[in-house]
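Just below is one structure, and these are the notes that go with it.
Numbering (this note's numbering), first residue to last: 758 to 1027.
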């Protein structure tokens, strides 16, 4: 089924030449799959009241395939303010989401806390957030605001406040975003306002958008679990199956040799 880019008020930067050659094949394959399951996750029910194939049946079935090349999309940056969990965790779940998306809110409230308790706290899982605003100006403003909150170490607190029941119905105007930042415990609200309107915030959001578009994402939330596409606020069981399968695969891989110590190379330690 053909896919199209979701409506957005800013156009992601086009820099296909900058993408590592090694992931191109994986991107092409996953774009078709993720676009298909994104559509399946959000298409309206049939007149009889029954929906078509569920995305869980498409994306969690082992036959859907895993694209190891897409594991390169995980940043694994220990200084990433928009991530939870160890940078060296065996499994990375990347979430592409919009603060105005109701299904993203459902995942944030119902499923993500359980994943954190069961897998992140145990060191098995790392969650990396990608801002993927597709519902207009307020979506983009909220995305930049979340990034700005992250600059003061309060991204996940902002995330919780923005996804609280009834939060999106109040909108994400400038005053409302400032109130959410205050609720999240952002210490310097003047800096928050400057950061949210900065070129750096716009660039960070655009970078995340470009990555989502390159994967063929057409709805939110969309996910990658060690290169395995999943779309929609799926039940806990769907994520459990994908995470545990990825953890088993990671465990079976031969460990990479550790880097030589400073004494072995003759260099000075820090």
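Note that the Cβ used here is the ideal one computed from N, Cα and C, for glycine as well.
Contacting residues, own chain, Cβ-Cβ under 7 Å from residue i (five flanking each side not counted)
i            : result
residue 916  : 865 and 903
residue 944  : 909
residue 882  : 842, 846, 848, 850, 872, 876 and 1000
residue 898  : 929 and 934
residue 880  : 843 and 846
residue 887  : 851, 852, 853, 965, 968 and 969
residue 1027 : Any reading at residue 1027 is ruled out, since the residue's pLDDT is 28, under 50, leaving its predicted position unreliable.
C-alpha gap between residue i and residue j, whole angstroms
i            : j            : result
residue 844  : residue 935  : 30 Å
residue 789  : residue 969  : Residue confidence is low: residue 789 scores 46 on pLDDT, short of 50, so the model does not pin down where it sits. Its coordinate-derived value is still stated next. One C-alpha to the other measures close to 13 Å.
residue 954  : residue 931  : 10 Å
residue 878  : residue 994  : 18 Å
residue 906  : residue 988  : 26 Å
residue 876  : residue 853  : 19 Å
residue 870  : residue 951  : 31 Å
residue 922  : residue 863  : 9 Å
residue 942  : residue 911  : 7 Å
residue 829  : residue 982  : 11 Å
residue 991  : residue 957  : 33 Å
residue 962  : residue 914  : 18 Å
residue 1004 : residue 827  : 16 Å
residue 1016 : residue 896  : Interpretation of residue 1016 is limited by its pLDDT of 41, a score under 50 that renders its predicted location unreliable; the figure taken from the coordinates is listed afterwards. Answer to the nearest angstrom: the Cα atoms are 43 Å apart.
residue 832  : residue 972  : 16 Å
residue 834  : residue 885  : 10 Å
residue 840  : residue 900  : 15 Å
residue 920  : residue 1002 : 29 Å
residue 1006 : residue 997  : 14 Å
residue 867  : residue 874  : 12 Å
Own chain, CB closer than 6 Å to residue i, minus 5 neighbours either side, in chain order
i           : result
residue 940 : 918
residue 823 : 984 and 985
residue 813 : With a pLDDT of 32 at residue 813, under the threshold of 50, the predicted position of this residue should be treated as unreliable, though the coordinate-derived value follows. Excluding residues within five positions, the ones whose Cβ falls inside 6 Å are 991 and 995.
residue 825 : 984
residue 838 : 907 and 912
Buried versus exposed call for residue i [16 or more other C-beta atoms within 10 Å across all chains shown]
i            : result
residue 946  : exposed
residue 976  : buried
residue 1011 : exposed
residue 836  : exposed
residue 927  : exposed
residue 980  : buried
residue 960  : exposed
residue 925  : buried
residue 978  : buried
Close Cβ partners of residue i (< 8 Å) along its chain, the five nearest in sequence each way excluded
i            : result
residue 938  : 902, 905, 906, 911, 915, 946 and 949
residue 1008 : 847
| request: Evaluate the contact criterion for the region 847 to 860 versus the region 890 to 898: three or more CB pairs, one atom per stretch, below 8 Å. | output: yes
**Asked** Curious, which full-length alpha helix (DSSP H) runs of at least 4 residues does the region 927 to 984 contain?
**Response** 931 to 940, 946 to 953 and 956 to 971
- Run through the region 820 to 901 for me and flag every whole alpha helix (DSSP H) of 4 or more residues, listed as ranges in chain order. 859 to 863 and 869 to 872
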